[in-house]
Every structure is written in structure tokens, then in C-alpha cells.
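Chains A and B, in that order, give the protein sequences. Going by the numbering used here, the first sequence opens with residue 63, and the numbers climb by one from there. Going by the numbering used here, the second sequence opens with residue 63, and the numbers climb by one from there. No residue lacks a Cβ here, since even glycine has one placed at the ideal position from N, Cα and C. Here is the structure we will look at.
2 protein chains.
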Amino acid sequence: MKIKDFLAHNKKIIDSALEELLPVKAEPELITEAMRYSIFAGGKRLRPILVLSTYRATGGKKIDQILPAACAVEMIHTYSLIHDDLPAMDNDDFRRGKPSCHKQFGEAIAILAGDALFAKSFEVLQKTKVSAEIILRVNKMLSSTVGVDGIIGGQVMDITSSSDKKDRKLLKYIHTHKTGKFISGCMVIGATLANAYKNEIAALKRAGDMLGLAFQIVDDILDIKSTKKTLGKSVHKDTDKKKLTYPVVYGLEESIKKSTQLLEKTIAVFNEELRFRDTTELENIAEFIVNRIY
Amino acid sequence: MKIKDFLAHNKKIIDSALEELLPVKAEPELITEAMRYSIFAGGKRLRPILVLSTYRATGGKKIDQILPAACAVEMIHTYSLIHDDLPAMDNDDFRRGKPSCHKQFGEAIAILAGDALFAKSFEVLQKTKVSAEIILRVNKMLSSTVGVDGIIGGQVMDITSSSDKKDRKLLKYIHTHKTGKFISGCMVIGATLANAYKNEIAALKRAGDMLGLAFQIVDDILDIKSTKKTLGKSVHKDTDKKKLTYPVVYGLEESIKKSTQLLEKTIAVFNEELRFRDTTELENIAEFIVNRIY
Chain A
63 MKIKDFLAHN KKIIDSALEE LLPVKAEPEL ITEAMRYSIF AGGKRLRPIL
113 VLSTYRATGG KKIDQILPAA CAVEMIHTYS LIHDDLPAMD NDDFRRGKPS
163 CHKQFGEAIA ILAGDALFAK SFEVLQKTKV SAEIILRVNK MLSSTVGVDG
213 IIGGQVMDIT SSSDKKDRKL LKYIHTHKTG KFISGCMVIG ATLANAYKNE
263 IAALKRAGDM LGLAFQIVDD ILDIKSTKKT LGKSVHKDTD KKKLTYPVVY
313 GLEESIKKST QLLEKTIAVF NEELRFRDTT ELENIAEFIV NRIY
Chain B
63 MKIKDFLAHN KKIIDSALEE LLPVKAEPEL ITEAMRYSIF AGGKRLRPIL
113 VLSTYRATGG KKIDQILPAA CAVEMIHTYS LIHDDLPAMD NDDFRRGKPS
163 CHKQFGEAIA ILAGDALFAK SFEVLQKTKV SAEIILRVNK MLSSTVGVDG
213 IIGGQVMDIT SSSDKKDRKL LKYIHTHKTG KFISGCMVIG ATLANAYKNE
263 IAALKRAGDM LGLAFQIVDD ILDIKSTKKT LGKSVHKDTD KKKLTYPVVY
313 GLEESIKKST QLLEKTIAVF NEELRFRDTT ELENIAEFIV NRIY
């Protein structure tokens with residue numbers, strides 16, 4: 063199956079699970095409308111697909127049973143986008159080609175819709191049909207991935223930093239925390255749900271950290287190279303906002319080179335440390351993530 | 063022990079557990095500073111104390127082991143206050159006699175500090191020393207208490223409602239969701255941690271729902287009767303903002319009467335349905351909550 067068909071097929075599975083977990087609700091209508099607006103705005107579902115593919119790669123056979131955990135991950139992702147777009151934060155009017163949540167519903171509802179997706183995420187996680195011990199491990203992983211040592215920590219440094227100082231250490235901190243830890247978290251969650259071996263989980267964490275960093279570098283590059291139409295969100299905003307990005311600090315060519323090197327290292331981990339597993343899906347997703355540039 | 067001494071003693075226990083769970087952190091300094099600013103702003107810790115007292119009332123003996131769950135509840139409470147105070151929401155400049163989080167740290171950091179306390183809450187909950195099954199039950203209770211069927215649902219209706227229409231059903235919806243379910247959630251969590259009998263948990267839920275409603279009615283009354291100095295936050299803001307409150311809909315006398323009736327019913331549940339347990343602490347807390355008016 064070609065990667066685009068593979069992603070479309072898996073997106074369908076995630077979308078229908080999300081539909082079931084986030085049904086239209088009678089009351090309070092407005093908040094579920096806002097939650098659904100952002101969840102069904104046309105995301106690629108890369109993070110939940112990474113959960114599914116890592117689960118399969120490490121021996122998981124019952125996708126149906128772990129869909130709630132995959133959806134929990136997408137809810138966390140959507141919450142972070144909604145809050146990130148707020149006027150006080152990145153102040154983005156567009157997301158995935160549509161008005162962002164606060165442009166559509168106002169700031170108050172957007173803040174609450176983000177909060178509600180956050181809460182919902184931990185609620186639906188409980189519906190995963192694995193042992194209580196495994197749910198707890200996933201819960202721990204998810205909450206620490208979001209918190210000050212993960213996404214939120216990265217966001218704080220992101221909004222308080224500026225490209226005036228080309229601080230390489232800070233740049234890496236922001237990217238690994240804001241994006242990297244979540245990508246690697248998804249892979250660790252997938253493997254945990256399949257009850258994979260400890261050394262496999264550790265290897266996937268390392269691979270995920272590298273892939274996640276590559277993911278964010280590619281996002282930086284796309285912000286420069288794309289038009290609003292192809293990207294679906296405001297472009298050149300990093301430059302406008304003097305964001306600390308890889309192209310700003312390392313230049314475009316060097317950034318592309320870095321992302322390609324990280325991809326190679328990621329795939330090397332798959333091939334060496336998970337050589338008794340079929341990691342084809344994971345390799346294809348990793349290549350897709352980095353090759354979005356072209 | 064007098065109720066004030068009892069509360070002060072238990073607040074000390076909660077505060078020192080919070081100090082341990084939320085230490086000053088090297089990086090990102092700003093966000094932990096904001097989290098700690100709001101957490102240690104001088105709250106009475108009524109919600110975590112309700113967890114402890116219900117735990118003790120239903121046979122729990124090891125307070126030390128369940129302190130993380132009690133702290134998780136306070137973190138959720140503080141997150142909701144921070145977001146509630148934001149300019150897009152209730153736009154309150156003061157909380158507990160100090161500038162609110164966004165006045166002190168700016169809106170972006172306040173949004174993220176709220177999010178981070180939310181994440182931290184689910185992270186510290188895992189540290190509770192009870193079985194995985196019980197942690198999962200508490201987790202479920204906590205996430206649904208916050209979500210669209212709880213606090214967030216209540217907040218949505220609160221910010222979209224107005225006192226122009228004296229809608230009694232809507233008023234009750236807002237108060238039971240915004241405050242009531244959380245108070246009753248704390249009691250259910252305490253009893254769940256003690257592995258109490260199902261019928262006891264059900265009775266405590268009913269008592270908590272009534273006590274929680276009384277709590278919010280008293281808050282409404284205090285907003286009218288207090289000065290900023292005694293209340294520590296902006297007063298008369300409900301009237302200024304045309305909020306739907308009990309005094310607006312029922313008048314002051316009737317509201318006081320309602321809160322007293324709810325207190326009596328709450329205590330009746332303790333005395334009847336938990337008659338084999340010592341509910342003195344719970345009764346004293348309930349009386350304190352309602353008699354704050356005087």
C-alpha cells in the first residue's frame with residue numbers, strides 16, 4: 063500500500079473512533095460543537111497513527127481495543143493547537159485552512175474547548191481495553207508528555223524566546239519539548255499498549271525523539287517554503303514573529319540536511335534494535351514526515 | 063478541635079504535600095513560578111480536605127498514601143480558577159487578595175500555567191498508593207468531574223447566560239455543574255480511595271451534590287454581602303456582569319433559606335445513610351461551608 067493510501071485508510075479508522083467518542087451532545091451544545099469543529103478540521107492524524115503502527119510493530123493484534131488511547135493522543139494534540147492559536151499565544155487566525163477555534167467561537171469558548179478536550183482525553187483513555195497496570199503506564203506517559211517537561215514546557219520557552227539571539231541550545235530545547243517528546247510519547251504509548259519488551263520501548267523512545275525533532279525542523283522549513291493554500295495555516299509567521307527556528311539559526315540547506323540525517327538515524331534504530339519486528343509501517347511514516355518538504 | 067483549627071491543621075498537611083509535588087524547578091522557571099504562585103495564593107484547601115475527611119469517615123487509615131490524590135484535586139481547582147479569571151472569561155484582576163495569575167504573569171503564561179496544573183494533576187494522581195483499579199476509578203471520576211459534564215460544562219453555560227432571563231433551570235444547571243459536581247466528586251474520590259461500600263459512595267455523592275449547590279449559593283450571597291478586603295477577590299462582580307445567581311433569581315432571604323435547607327439535608331444523609339461511620343468531620347466542614355455567610 064502506498065503511504066498516502068495507508069495514511070488515508072488509518073485516518074478513517076481514527077476518525078470513526080473519534081466520532082463515537084465525541085458525539086454531538088444536546089447540552090452544552092456550544093462546547094461540543096467547538097470541540098468537534100477543531101477535532102474534525104482535517105488533521106492528518108499522524109500521532110494516533112503512530113500509536114497504531116508502533117502497537118502493530120511490537121506485536122499488538124487488537125487495534126479495536128486500543129483505539130481509545132490513540133484518540134486520547136489526538137485530543138491532546140488538538141487541545142494544544144487550540145490554545146497555541148489563541149491571541150495571547152501565537153495569535154493564529156487560521157488552522158488547517160479554516161478559521162481557528164477562537165476565530166470561530168470566540169476566545170472564552172476556545173479556551174474551554176481546549177480544556178474540555180484535555181479532560182476528555184484522560185476520560186477516554188480509561189476505555190482502552192488493556193490491563194489497569196498498562197492504562198496507568200500510558201496515563202503517566204501522556205500526562206508527563208503534555209506537562210512542564212513536555213509540550214507545555216516547550217511552549218513556554220517558545221513564546222518567551224526570540225530569534226534575535228541565535229541560541230542553539232534553547233532552540234533544541236523548544237523543539238524537542240514542544241514536538242519531539244509528543245512524537246516519541248506516541249510511539250512509547252503504542253509499544254506499551256502491546257506490552258513490548260523494555261529494550262524495545264527504550265529504542266522506540268530514542269527513535270521517536272529523533273523523528274520528533276525532524277518533524278519540527280520540517281515544520282519550520284515548510285513555514286518558509288509553503289503558501290497559505292498548501293499549508294492550510296498562516297505562513298511565514300515564524301519570521302514575522304521572530305521565532306527561534308532551525309532555518310533562522312542554521313540556514314535552510316543545513317536544516318534540510320539535519321532533518322534527513324535524523325530520519326536516517328531513526329530508521330537505523332528501527333533496523334538494528336527492532337530487527338525481529340516488522341517496522342515497515344513505521345519507516346514509511348517516518349519518511350513521509352520528513353519528505354513533506356518536497 | 064474547633065473547625066478553624068481543624069481546617070488550619072489539615073491545610074498544613076495539604077500544603078506540605080503540594081510543596082513536595084510542585085517543587086521550584088530550574089527550567090522552565092517561569093511556568094513553575096506561575097503554577098506555584100496560584101497554588102500557594104492562600105486557598106482554604108476545602109476540596110482536598112473533603113477528600114481526606116471522607117476517606118477517614120469511610121474507614122481510610124493511611125492519609126499519607128492518598129495525599130497525592132487530594133493534591134490532584136486542588137491542582138484541578140486552581141487550574142479552573144486561573145482560566146476562569148482570564149480576560150476572555152470572567153476577567154478578574156484579583157484572586158485571594160492578590161493579583162490574579164494573568165495580571166502577574168501575562169495571559170499566555172496564565173493559560174499555560176492552568177494547562178500545566180491540569181496535566182500535573184493527572185500525573186501526581188498516579189503517585190497515590192492504592193491499587194491500580196482504584197487509581198483508575200479516581201482518574202475516571204476526576205476527568206469526568208472537570209469535563210463537559212462537570213466544571214467546564216457549567217462554565218460554558220455561566221459565560222453564555224445572563225441575569226436578564228431569570229431561568230431557574232439554567233441557574234441550577236450552572237451551579238450544580240460548575241461547583242456542585244466537583245464538591246461531590248471530592249467526597250466520592252475520598253470514599254473510593256478508602257474502598258467504601260457502593261451504597262456509601264452513592265449516599266456521599268447525593269450529599270455532596272447538595273452541599274456543592276449550597277456552597278455555590280453561599281458564594282453568590284458573599285459576592286453581594288462582602289467587601290473586597292474580607293473576600294480577597296473582586297466583589298459585586300456578579301451583579302456588574304449580570305450573572306445568573308441565586309440572589310438575583312430568588313432574592314437574598316430565600317437564597318439563605320435554600321442554602322440552610324441544603325445543609326440540613328446533607329447532614330441528614332450523613333446521619334442516616336452513614337450512621338455506622340463517624341461523620342463528625344464532614345458535618346463540621348459542611349456547616350463551615352454554609353455558615354461562611356455570617
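By how many angstroms is the C-alpha of residue j removed from the C-alpha of residue i?
| i | j | result |
| --- | --- | --- |
| residue 280/A | residue 234/A | 14 angstroms |
| residue 352/B | residue 307/A | 54 angstroms |
| residue 71/B | residue 178/A | 34 angstroms |
| residue 343/A | residue 105/A | 19 angstroms |
| residue 182/A | residue 129/B | 24 angstroms |
| residue 214/A | residue 315/B | 46 angstroms |
| residue 153/A | residue 146/A | 8 angstroms |
| residue 208/A | residue 138/A | 8 angstroms |
| residue 64/A | residue 205/A | 34 angstroms |
| residue 270/A | residue 327/B | 55 angstroms |
| residue 122/A | residue 132/A | 13 angstroms |
| residue 156/B | residue 258/B | 39 angstroms |
| residue 126/B | residue 127/A | 35 angstroms |
| residue 168/B | residue 340/A | 49 angstroms |
| residue 173/B | residue 144/B | 7 angstroms |
| residue 356/A | residue 216/A | 27 angstroms |
| residue 202/A | residue 333/A | 28 angstroms |
| residue 220/B | residue 189/B | 34 angstroms |
| residue 262/B | residue 253/B | 8 angstroms |
| residue 135/A | residue 110/B | 29 angstroms |
| residue 303/A | residue 140/A | 22 angstroms |
| residue 90/A | residue 210/B | 7 angstroms |
| residue 150/A | residue 101/B | 22 angstroms |
| residue 94/B | residue 160/B | 18 angstroms |
| residue 187/A | residue 268/A | 24 angstroms |
| residue 238/A | residue 272/A | 8 angstroms |
| residue 298/B | residue 87/A | 34 angstroms |
| residue 75/B | residue 321/A | 50 angstroms |
| residue 180/B | residue 346/A | 35 angstroms |
| residue 81/A | residue 92/A | 17 angstroms |
| residue 286/A | residue 166/A | 26 angstroms |
| residue 108/A | residue 336/B | 51 angstroms |
| residue 112/A | residue 171/A | 30 angstroms |
Residue range of the alpha helix (DSSP H) that residue i falls in?
| i | result |
| --- | --- |
| residue 221/B | 213 to 222 |
| residue 108/A | 108 to 119 |
| residue 93/B | 91 to 101 |
| residue 309/B | 308 to 312 |
| residue 65/B | 65 to 83 |
| residue 202/A | 194 to 208 |
| residue 351/A | 342 to 353 |
Spell out the partners DSSP gives residue i in its beta bridges.
| i | result |
| --- | --- |
| residue 231/B | DSSP lists no partner for residue 231/B. |
Answer yes or no: the CB of residue i versus the heavy atoms of the ligand FMN, is any distance below 8 angstroms?
| i | result |
| --- | --- |
| residue 250/A | Here there are no bound small molecules, and the ligand FMN is not part of this structure. |
Any C-beta of chain C sitting closer than 9 angstroms to the C-beta of residue i?
| i | result |
| --- | --- |
| residue 93/B | Looking for chain C here will not work: the only protein chains present are A and B. |
- Task: Compile a chain-ordered list of the residues in the stretch 247 to 281 of chain B whose CB is closer than 7 angstroms to at least one CB of chain A.
- Result: none
Start-end ranges of the alpha helix (DSSP H) lying completely within the stretch 243 to 305 of chain A, minimum 4 residues: 243 to 255, 260 to 287, 290 to 293, 299 to 302
Quick one, which residues of the stretch 123 to 156 of chain B are near chain A if we go by CB-CB under 7 angstroms, in chain order? Those residues of the stretch 123 to 156 of chain B that come within reach of chain A (Cβ to Cβ, closer than 7 angstroms) are 145, 148, 150, 151.
With a floor of 3 residues, list each beta strand (DSSP E) that falls wholly inside the stretch 125 to 184 of chain B, ordered by position along the chain. none
Scan the stretch 208 to 226 of chain A for residues whose Cβ lies nearer than 7 angstroms to a Cβ of chain B and list them as they occur along the chain.
208, 209, 210, 214, 215, 217, 218, 219, 221, 222
- Task: With 7 angstroms as the C-beta to C-beta threshold (strictly closer), list the residues of the stretch 175 to 189 of chain B near chain A in chain order.
- Result: Of all residues in the stretch 175 to 189 of chain B, only 177, 178, 180, 181, 182, 184, 185, 188 come within less than 7 angstroms of chain A when Cβ atoms are compared, listed by chain position.
Given a limit of 9 angstroms on CB to CB distance, which residues of the stretch 74 to 90 of chain A reach chain B? 87, 89, 90
query = What are the residues of the stretch 327 to 343 of chain B that lie near chain A, defined by any Cβ-Cβ distance shorter than 9 angstroms?
reply = none
Against chain B, which members of the stretch 194 to 206 of chain A pass a CB distance test of less than 7 angstroms? 194, 195, 197, 198, 201, 202, 205, 206
Residues of the stretch 160 to 173 of chain B with Cβ closer than 9 angstroms to any Cβ of chain A, in chain order: 164, 168, 169, 170, 171, 172, 173
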